[in-house]
Amino acid sequence: MNQEKRDRPIGIFDSGIGGLTVAQAIINVLPNERLVYFGDTAHLPYGDKSTAAIQAYAVKICDLLIRQQCKVILIACNSASAAAYELVKEYVGSKAKVLNVIDPIVRHIGQSYPDKTIGLIGTKQTVNSNVYRKKVDELDRSIELRSLATPLLAAMIEEGFFNDSISESVIHAYLSDPHLQNIEALILGCTHYPLIKKQIENYYKGGVDVLDASQIVAQQVKDYLDQHHLAAEKRSGDHTFYVSDFTRSFEESTRIFFKRKVHLEHYPLWE
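Under my numbering, the first residue of the sequence shown carries the number -18, and numbering increases by one thereafter.
Here it is, written out as structure tokens:
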């Protein structure tokens, strides 16, 4: 039984292709795992959708991932993790382990930065939901969290503007906000942001730890599989990448997020 379960894929879903940064990080630490990725490109971005809408999308996507026999389902989107994690966990039950992208980074902060001031940048949905503040306060480690919504960043990255003067100006404008002064670490609270991690590190010139959630999340997936003896010994087939709405630009952008071109299959879940 366990062998059969080991060979099952890891399911990952996101509002679009930003979650491919997390998929890439998982493949780096778990090269034997097969991924089934679903990007809900018909509804992107989730950052400006209601909680109820995001929950409805998430449940339907999880249905698909359960049918694909996923052993783990990772919600690779901060907005969806904030809005739908508890519901999805209940819905999926014992069929798969559900993980999100928020809890691993909160745990990391609690271990590494007690009594410190930490910054967070993310979408309006993520920042306004206060999900990070609530979870950090629950740690009871005297951590002060300062959050700033940076709504231009994800769109800018999707359009291919990074490592250039336009992105430099936008990043500089956000990071110089008085609210983010005197922090010791900065959480990149959006799956798009690993692509501008270098630029953010350059801005701080080593004075602030820039925390890339995708690497921390990938490590958590690895730890979970190792602890439960569910890690695959060899890859059982090709990764699959589904999108709910297909345009050529998504296919082109996958190279940005995933470091190589992938074939996107159009899976019209909403028709």
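A virtual CB, placed ideally from N, CA and C, is assigned to each residue, including glycine. Here the structure is a predicted model, which is why all the values come from computation and not from measurement.
Nonlocal neighbours in the same chain, by C-beta distance under 7 Å from residue i, ignoring five residues either side
i: Gln36; result: Ala64, Ala65, Leu68
i: Lys41; result: Leu250
i: Tyr38; result: Asp21, His24
i: Leu161; result: Gly100, Arg127, Leu129
i: Asn(-17); result: His210
i: Gln201; result: Leu80, Pro85
Reduced DSSP category for residue i - H, G, I as helix; E, B as strand; rest coil
i: Leu16; result: strand
i: Phe222; result: strand
i: Arg215; result: Correcting the residue type first, residue 215 is Lys in the shown sequence and not Arg. DSSP places Lys215 in coil when its eight states are reduced to three.
i: Asn81; result: strand
i: Arg(-11); result: coil
i: Ser261; result: Any property of residue 261 remains undetermined from this structure, which presents the chain solely from -18 to 252.
i: Glu246; result: strand
i: Thr235; result: helix
i: Thr228; result: coil
i: Thr98; result: strand
Sequence-distant residues of its chain with Cβ nearer than 6 Å to residue i (five each side left out)
i: Phe227; result: His247
i: Gln196; result: Ala6
i: Lys243; result: Note that residue 243 is Val in the sequence shown here, rather than Lys. Around Val243: Phe222, Thr235.
i: Leu156; result: Tyr184
i: Ser110; result: Ala63
i: Ser217; result: Asp(-12), Arg15
i: Ile138; result: His173, Leu176
i: Ala199; result: Ala6, Ile7, Val10
Cβ-Cβ distance between residue i and residue j below 8 Å
i: Thr235; j: Ile(-2); result: yes
i: Gln180; j: Asn144; result: yes
i: Thr104; j: Pro132; result: yes
i: Cys51; j: Val17; result: yes
i: Lys203; j: Val3; result: no
i: Ala57; j: Gly0; result: yes
i: Ala61; j: Tyr113; result: no
i: Asn13; j: Lys240; result: no
i: Ala166; j: Leu134; result: no
i: Val87; j: Asn59; result: no
Straight-line Cα distance separating residue j from residue i
i: Ala130; j: Thr172; result: 14 Å
i: Val117; j: His89; result: 10 Å
i: Ala194; j: Asp219; result: 25 Å
i: His153; j: Ile47; result: 42 Å
i: Glu(-15); j: Pro159; result: 53 Å
i: Ser123; j: Phe(-6); result: 33 Å
i: Val189; j: Lys178; result: 12 Å
i: Leu255; j: Asp121; result: The first residue shown for the chain is -18 and the last is 252, placing residue 255 beyond what the model contains.
i: Ile168; j: Asp207; result: 26 Å
Same chain, Cβ closer than 8 Å to residue i, five either side skipped, listed in chain order
i: Glu119; result: none
i: Phe231; result: Gly(-3), Ile(-2), Gly20, Thr22, Val224, Leu245
Neighbour flag for residue i against chain B, beta carbons, 8 Å
i: Val82; result: The structure shown has no chain B; it contains just one protein chain.
- Run through the region 125 to 201 for me and flag every whole alpha helix (DSSP H) of 4 or more residues, listed as ranges in chain order. 133 to 139, 146 to 156, 178 to 185
- Counting only runs of 4+ residues fully inside the region -7 to 74, write out the alpha helix (DSSP H) ranges in chain order. 1 to 10, 32 to 48, 59 to 73
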